[in-house]
Amino acid sequence: MNLIAIVIGVIAGLGAVIFRLSIWAAQEVFFGQELNPGSVQFNLIDIPNVYAALSFLGPLELLLIPTIGGLLVGIVIKFTTTEVKGSGVPKVMESMLVRGGKIDPKISVYKTVASSIAIGSGGSLGREGPIIQIGSAAGSFFGRFMDQKYTRTLVAAGAAAGIAGTFNAPLAGVMFALEILLAEYYLQNVIVVVLASVMSTAVARTILQFTPSPGVQEFLVHGVNNGNGIHYHMLTPALEFPLYIVLGFVIGVIGAVIVKTLYGTEHVFDRLDVPEYVKPAVGGLLLGGTVLLSAVFLHETPITTADWLFGVGYTTIHTAIAGHLSLQVILALALLKLLAFSFSVGSGSSGGVFSPGLYIGAMVGGGFGILSGILFTDISHTFAFIPALAIAGAGAYALVGMGGVFAATARAPLTATLVIFELTGQYTIILPLLVVTVIGSIVTQRLLNRGTIFTEKLRELGITVQERRIGSLEDLCAKDVMTTKVDTLSVGASCEDALMMFQQTKHHGLPIVDEDGSLVGIITLTDLESELTNSIIHTIEGREEIDLPDEDRSPVEKIGSTDVLTVPPSANLLSVVDIMEKLDVGRIPIVDEANHPVGIVTRSDILDAYDNVPELSRNEVEIPVVTDPKLPNTSADK
Numbered sequence: 019m020n021l022i023a024i025v026i027g028v029i030a031g032l033g034a035v036i037f038r039l040s041i042w043a044a045q046e047v048f049f050g051q052e053l054n055p056g057s058v059q060f061n062l063i064d065i066p067n068v069y070a071a072l073s074f075l076g077p078l079e080l081l082l083i084p085t086i087g088g089l090l091v092g093i094v095i096k097f098t099t100t101e102v103k104g105s106g107v108p109k110v111m112e113s114m115l116v117r118g119g120k121i122d123p124k125i126s127v128y129k130t131v132a133s134s135i136a137i138g139s140g141g142s143l144g145r146e147g148p149i150i151q152i153g154s155a156a157g158s159f160f161g162r163f164m165d166q167k168y169t170r171t172l173v174a175a176g177a178a179a180g181i182a183g184t185f186n187a188p189l190a191g192v193m194f195a196l197e198i199l200l201a202e203y204y205l206q207n208v209i210v211v212v213l214a215s216v217m218s219t220a221v222a223r224t225i226l227q228f229t230p231s232p233g234v235q236e237f238l239v240h241g242v243n244n245g246n247g248i249h250y251h252m253l254t255p256a257l258e259f260p261l262y263i264v265l266g267f268v269i270g271v272i273g274a275v276i277v278k279t280l281y282g283t284e285h286v287f288d289r290l291d292v293p294e295y296v297k298p299a300v301g302g303l304l305l306g307g308t309v310l311l312s313a314v315f316l317h318e319t320p321i322t323t324a325d326w327l328f329g330v331g332y333t334t335i336h337t338a339i340a341g342h343l344s345l346q347v348i349l350a351l352a353l354l355k356l357l358a359f360s361f362s363v364g365s366g367s368s369g370g371v372f373s374p375g376l377y378i379g380a381m382v383g384g385g386f387g388i389l390s391g392i393l394f395t396d397i398s399h400t401f402a403f404i405p406a407l408a409i410a411g412a413g414a415y416a417l418v419g420m421g422g423v424f425a426a427t428a429r430a431p432l433t434a435t436l437v438i439f440e441l442t443g444q445y446t447i448i449l450p451l452l453v454v455t456v457i458g459s460i461v462t463q464r465l466l467n468r469g470t471i472f473t474e475k476l477r478e479l480g481i482t483v484q485e486r487r488i489g490s491l492e493d494l495c496a497k498d499v500m501t502t503k504v505d506t507l508s509v510g511a512s513c514e515d516a517l518m519m520f521q522q523t524k525h526h527g528l529p530i531v532d533e534d535g536s537l538v539g540i541i542t543l544t545d546l547e548s549e550l551t552n553s554i555i556h557t558i559e560g561r562e563e564i565d566l567p568d569e570d571r572s573p574v575e576k577i578g579s580t581d582v583l584t585v586p587p588s589a590n591l592l593s594v595v596d597i598m599e600k601l602d603v604g605r606i607p608i609v610d611e612a613n614h615p616v617g618i619v620t621r622s623d624i625l626d627a628y629d630n631v632p633e634l635s636r637n638e639v640e641i642p643v644v645t646d647p648k649l650p651n652t653s654a655d656k
């Protein structure tokens, strides 16, 4: 598996490069230049572009271009799959928790095309979410050729490689996979994820000419303040520690506001009475309108506000860190970016939420730093007996704010800390980062009832990721504990047949199959109790022969439930446990890809599995569990 991890890393690294080039190409087509270039710029060709062609419209072209891009994205989604909508991370989590890590390889192609168009036409989106989905698709593909229990690890390795390749941050990629996707730290998992992450970084560095130091360090840190760079250390620790604690609480509230605003906007678009493929165009129209209106209120040119709000946003982040934005502008941009990216993602366009979160965090942190500097300067001037109080520059608070917002919205303080550390190369920033990311995460989780920007999307899909204290059942799949001898009833079988089968097998529920052996329903003793006129308990336990009245000879498919929840053999056992608990059922059929029953998992099977877990591995740990409140209840009894 280690060799496969290396291959996945290479593929993900190439995918990150191809995705970057695709975004560049789209930006060249729409604007004739690369938006928010970061540390790598592509100036290979000069081609006609939409921006030049629509120049006769004046500022209105900034309204039209993202609308056109949104319409193209909607068309791509309409003719491919809805899997490419929004950020790729919730889709990856869904596949790992519900589908055993299965991701269609074509998703990587569709996602590249859709997200490139969305970002290239000005969509206020990130590129990290899409590349995570692209890398995960590579991991899922190779997982098909291995034992199913390794698929989740390979998918996570692909995601880590995607993060590492696009950020040039291998440690952050590893921690992202372990902290957010796998939520476990077994040695074999770590080795596989590390190999993929390192190889992806090596490939991306080689092709994109990143320096061995963090890829955007030159862009974010060096070259500002007259080329001297910024050193992010606390000048007055006794004063600045409380400031960072306060910033942590502010970031926590902002994190909750971001998540609520994003999904509130999505709900509005869900209710919008227009074709689905038109909704991203509406989002693009609102984005363009935000750009034009912000130019009026901020007394800036439309092209300036477009540069601030269109695309990924790293140029504007750099400007904020360098201290080139006023307090009024930096706070306004925090709000405007929230609206811009909510319109883009909430409308169903294709792109990530990672970079917009970093952007908003930089603005909030930078604004907090400016306000703190003003406050303590005024205090020193007002009270002559108080010595001058020196604090770090606003750029330091901007960078800490970046990490804080990501940690708060994703509940990933370690990943956020490593991302910012690898982006800056500044060791002195780690201590304030840890303070802000931990406090921000705690506050946001309290406000969101333990939801995140990724799991809230799963809830919208009907899947809730909870934390549960349980033993090491997370290592098991349904196939590891299921009963493989499946007694079934055929379509058309009578109640008498069902009673005879219950008497012979001592089961409390039986699957119903058609002539092809496909599962069509399930019937239980509870179903028969509510249907028959005589007591089935007495019939089964006290009589050898069963003689039912004619009115009780209905076919079983009309008595049992035909809306049956099933799971594949690869389903994580924790998913099965929580579904059974949520629906209050005693068994779940396990089916293959042809919907043929291959096993059944009962509560007794799960209890037996837990009894076999080694005592030392039953420590209380927090494990993600899937529930699905939107699924219909079945009639399987306990």
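Using my numbering, the first residue of the sequence shown is number 19, and each one after it goes up by one. All C-beta atoms, glycine included, are put in the ideal place defined by N, C-alpha and C. If you're wondering where the values come from, they're calculated on a predicted model, not measured in any experiment.
Between residue i and residue j, what straight-line distance do the alpha-carbon atoms span, to the nearest angstrom?
| i | j | result |
| --- | --- | --- |
| I269 | G539 | 50 Å |
| P586 | T99 | 22 Å |
| F74 | I321 | 15 Å |
| V107 | T542 | 39 Å |
| V676 | A350 | No statement about residue 676 is possible, as the shown extent of the chain runs from 19 to 656 and does not include it. |
| D534 | L528 | 17 Å |
| I608 | T171 | 22 Å |
| L592 | L625 | 12 Å |
| I36 | A182 | 14 Å |
| A425 | A195 | 14 Å |
| G302 | I152 | 24 Å |
| R464 | Y128 | 36 Å |
| L39 | F328 | 18 Å |
| K167 | M193 | 21 Å |
| A23 | L376 | 29 Å |
| A299 | A43 | 20 Å |
| G282 | V371 | 15 Å |
| G443 | T219 | 16 Å |
| A358 | V68 | 21 Å |
Quick one: is residue i buried, meaning 16 or more other Cβ sit within 10 Å of its Cβ, or exposed?
| i | result |
| --- | --- |
| E569 | Unreliable placement is indicated for E569, whose pLDDT of 49 sits below 50; no coordinate value is reported for it. |
| M500 | buried |
| N662 | Nothing can be reported for residue 662: it is not among the residues displayed for the chain, which extend from 19 to 656. |
| F97 | exposed |
| R289 | exposed |
| D545 | buried |
| E101 | buried |
| E599 | exposed |
| S344 | exposed |
| F315 | exposed |
| A412 | buried |
| P260 | exposed |
| E563 | Residue placement at E563 cannot be trusted, given a pLDDT of 48 that sits under 50; what the coordinates show is reported in the next sentence. By the 10 Å Cβ count, E563 comes out exposed. |
| I378 | buried |
Quick check: is the beta carbon of residue i nearer than 8 Å to any beta carbon in chain B?
| i | result |
| --- | --- |
| A612 | The structure shown has no chain B; it contains just one protein chain. |
I need the DSSP call for residue i, collapsed to helix, strand or coil.
| i | result |
| --- | --- |
| T502 | coil |
| N590 | strand |
| P123 | coil |
| I471 | coil |
| R145 | coil |
| L507 | strand |
| P293 | coil |
| N20 | helix |
| V271 | helix |
| G331 | coil |
| V616 | strand |
| R605 | strand |
| G118 | coil |
| S622 | helix |
| G104 | strand |
Where DSSP assigns a beta bridge to residue i, which residues make up the other side?
| i | result |
| --- | --- |
| S512 | P573 |
| P529 | I540 |
| I597 | Looking at the DSSP assignment, I597 forms no beta bridge with any residue, so it has no partner. |
| S579 | I540 |
| V585 | I608 |
Closer than 7 Å to a non-hydrogen atom of the ligand FMN - does that hold for the CB of residue i?
| i | result |
| --- | --- |
| V616 | Only the bare structure without any ligand can be found here, which leaves the ligand FMN out of the picture. |
| task | Entirely within the stretch 375-461 and at least 3 residues each: give me those beta strand (DSSP E) ranges in chain order. | result | Here no run is fully enclosed.
| said: Ignoring anything shorter than 4 residues, give me the alpha helix (DSSP H) runs that lie fully in the stretch 185-230, in order along the chain. | reply: Runs of the alpha helix (DSSP H) inside the stretch 185-230: 188-194, 205-226.
| query | What are the uninterrupted segments assigned as alpha helix (DSSP H) that are 4 or more residues long and contained completely in the stretch 63-96, given in chain order? | reply | The stretch 63-96 contains these whole alpha helix (DSSP H) runs: 68-71.
| alpha helix (DSSP H) segments (min. 4 residues) lying fully within the stretch 300-374 | Fully enclosed alpha helix (DSSP H) runs of 4 or longer: 320-327, 332-339, 345-364.
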